[in-house]
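Take a look at the structure set out below.
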Amino acid sequence: MFVSLKEVWGISDAQCGMLVSAVYWSIATLTIPISIFIDRWSRKKTIGLMAVIWSLATALCALTGNFTQLLFARILIGVGEAGYAPGGTAMIASLYPNEKRSRMIGIWNASIPLGSAVGVMLGGLIAASWGWKHAFGLVAIPGFIVAILFFYVKDYKTVDLQVTTENNNKTNMQFTDIVSYFFKRKSLIYVILGMTMVSFVTSSLMVWLPTYLQETLDISQEKSGFKAGLVMVLAIVGAPLGGILTDRWRKRKLNARLLFPTITTGISALLLFIGINYFSGVLQYSILLLFGTSVVAFISAASTVTQDVVHAGLRAISYSIAVMTQNLFGSSIAPVVVGAISDSTNIQTAFSMLPWVLVLGMFFFFLGSRHYERDFNKVEKIELEPVS
42 MFVSLKEVWG ISDAQCGMLV SAVYWSIATL TIPISIFIDR WSRKKTIGLM AVIWSLATAL
102 CALTGNFTQL LFARILIGVG EAGYAPGGTA MIASLYPNEK RSRMIGIWNA SIPLGSAVGV
162 MLGGLIAASW GWKHAFGLVA IPGFIVAILF FYVKDYKTVD LQVTTENNNK TNMQFTDIVS
222 YFFKRKSLIY VILGMTMVSF VTSSLMVWLP TYLQETLDIS QEKSGFKAGL VMVLAIVGAP
282 LGGILTDRWR KRKLNARLLF PTITTGISAL LLFIGINYFS GVLQYSILLL FGTSVVAFIS
342 AASTVTQDVV HAGLRAISYS IAVMTQNLFG SSIAPVVVGA ISDSTNIQTA FSMLPWVLVL
402 GMFFFFLGSR HYERDFNKVE KIELEPVS
């Protein structure tokens with residue numbers, strides 16, 4: 042809908058990027074406080090309440106009359122989304138056995154880019170047909186449905202924050218113990234840095250790929266939105282497939298959940314580099330479709346690592362640290378950075394830097410693989426109790 046917003050309000054590409062970054066700023070600010078609440082109370086109830094908030098905020102976007110109002114409405118969406126990924130990841134990781142964990146998280150993660158792709162496709166069509174405000178109003182409806190349904194899913198009983206001492210006694214973890222606990226997990230630190238680099242690229246493409254295709258292929262808003270959405274919708278293949286392949290490999294190689302993202306992120310960097318710099322037209326778009334599958338293949342394994350190497354009572358908080366880092370240094374700044382480079386040069390130049398960000402992500406995943414086995418074996422083994 043950027044094309045429509047620029048025509049109506051005369052805003053710049055950088056301001057368009059801010060409308061996306063605003064959501065991530067809210068998430069980054071609130072995800073850890075909300076995740077503490079999630080770990081100590083209820084995953085499903087918190088997520089249900091947040092779904093109501095983000096749906097109301099989305100509907101509010103349709104009532105805005107200028108850039109500032111829309112920016113604040115977008116910030117409110119982030120308030121609702123702040124604990125969704127940590128709470129959802131913790132639920133799935135805890136309700137399925139370790140050997141199935143990556144594939145189940147992969148299936149769940151496929152829904153995120155799928156929703157983004159559908160939003161891009163429908164957003165362009167609705168904006169072109171009925172106006173951009175209707176696009177915001179209509180996409181708020183599914184969120185209310187999700188909010189109601191979520192109160193009926195399974196959860197697990199809240200886990201006490203206790204660890205076993207050398208004398209085989211149970212002791213409660215204090216705040217300083219928790220902070221020290223996370224800093225000692227090197228595989229967790231590296232996987233979060235790798236996820237942040239990939240998030241920078243995927244957020245850039247989610248926001249700017251329609252504009253890139255519209256300008257480079259000289260096609261309409263509707264067609265560019267559909268083509269960009271199709272690239273992103275291939276995550277429904279890449280995310281679950283990545284989870285399945287990782288779980289199979291992990292039977293032979295314990296640190297496969299970090300080696301697999303290393304490989305797929307490297308492949309994605311190569312595909313994006315040659316696609317952006319050396320090809321055009323149908324061949325370029327075909328390469329981008331392959332890229333759309335490979336770039337999300339990391340998420341199942343990487344997300345699972347954030348659950349594998351921490352205490353069961355800290356799983357939502359663990360993923361919230363990943364979410365905060367991704368949003369502060371990846372997703373939130375990516376749309377603005379790419380938009381600013383596009384303003385000063387062009388969209389082609391802005392996109393040319395993205396493969397190198399993926400190369401850095403590949404490097405971080407590899408470093409994490411060297412510490413995974415040690416961190417995994419140090420985790421307290423706790424049997425969880427499902428509750429309705």
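The C-terminal position of the sequence shown is numbered 429 in the working numbering, with every residue numbered one higher than the one before it.
Beta carbons: idealized from backbone N, C-alpha and C, even for Gly.
Just so you know, these numbers come straight off a predicted model, no measurement behind them.
- Ile304 has its alpha-carbon roughly 36 angstroms from the corresponding atom of Thr87.
- Here DSSP, grouped into helix, strand and coil, assigns Asn387 to coil.
- The criterion of a C-beta distance shorter than 9 angstroms is not satisfied by Ile388 and Thr287.
- Looking at the DSSP output, Tyr197 bridges to Pro427.
- As the crow flies, the alpha-carbon of Val187 is around 43 angstroms from that of Tyr319.
- For the stretch 230-302, the continuous alpha helix (DSSP H) assignments of 4+ residues that do not extend past its boundaries occur at 262-274, 276-291, in sequence order.
- The beta carbon of Phe241 lies closer than 6 angstroms to those of Gly371, Ala375, Val398 in the same chain, with the five residues before and after it left out.
- In the displayed model, Val204 falls within a strand according to three-state DSSP.
- The criterion of a C-beta distance shorter than 9 angstroms is satisfied by Ser96 and Ala181.
- When rounded, the separation of the alpha-carbon atoms in Leu71 and Ser83 is 17 angstroms.
- Taking C-beta separations shorter than 6 angstroms and ignoring five residues to either side along the sequence, the partners of Ile285 in its chain run Arg144, following chain order.
- Out of Leu136, Ala338, Val420, Thr212, the CA that lies nearest to the CA of Leu202 is found in Thr212.
- The continuous alpha helix (DSSP H) containing Asn418 extends over residues 413-418.
- Assigned with DSSP and collapsed to three states, Lys211 falls in strand.
- Considering only Ile153, Leu313, Glu48, the residue with the shortest C-alpha distance to Ala169 is Glu48.
- In this structure, the CA atom of Val239 is about 8 angstroms from the CA atom of Val336.
- For the options Ser76, Lys422, Met365, Thr237, the alpha carbon positioned closest to that of Ser67 is the one of Met365.
- Here the stretch 309-327 does not lie against the stretch 348-363, with fewer than 3 beta-carbon pairs under 8 angstroms apart.
- Straight-line measurement puts the Cα of Phe332 at about 38 angstroms from the Cα of Glu421.
- Within the same chain, Ser373, Pro376, Val377 come within 6 angstroms of Ser62 by CB-CB distance, once the 5 residues on both sides are set aside.
- Secondary structure note for Lys86: its alpha helix (DSSP H) is the uninterrupted segment 84-102.
- Annotation for Leu395: Val242, Ser245, Leu313 place their beta carbon closer than 7 angstroms to its own, counting only its chain and skipping 5 residues before and after.
- No Cβ-Cβ contact shorter than 9 angstroms links Leu117 with Leu104.
- The C-alpha of Gly409 is placed about 25 angstroms away from the C-alpha of Gly124.
- Here Pro281 is buried: its Cβ has 16 or more other Cβ atoms, across all protein chains shown, within 10 Å.
- Counting the other Cβ atoms within 10 Å of the Cβ of Leu229 gives 16 or more, which makes it buried.
- The continuous alpha helix (DSSP H) containing Lys47 extends over residues 43-50.
- Between Leu250 and Ala269, the C-beta gap is smaller than 9 angstroms, which places the two residues in contact.
- Straight across, the Cα-Cα distance linking Gly184 with Gly129 is about 15 angstroms.
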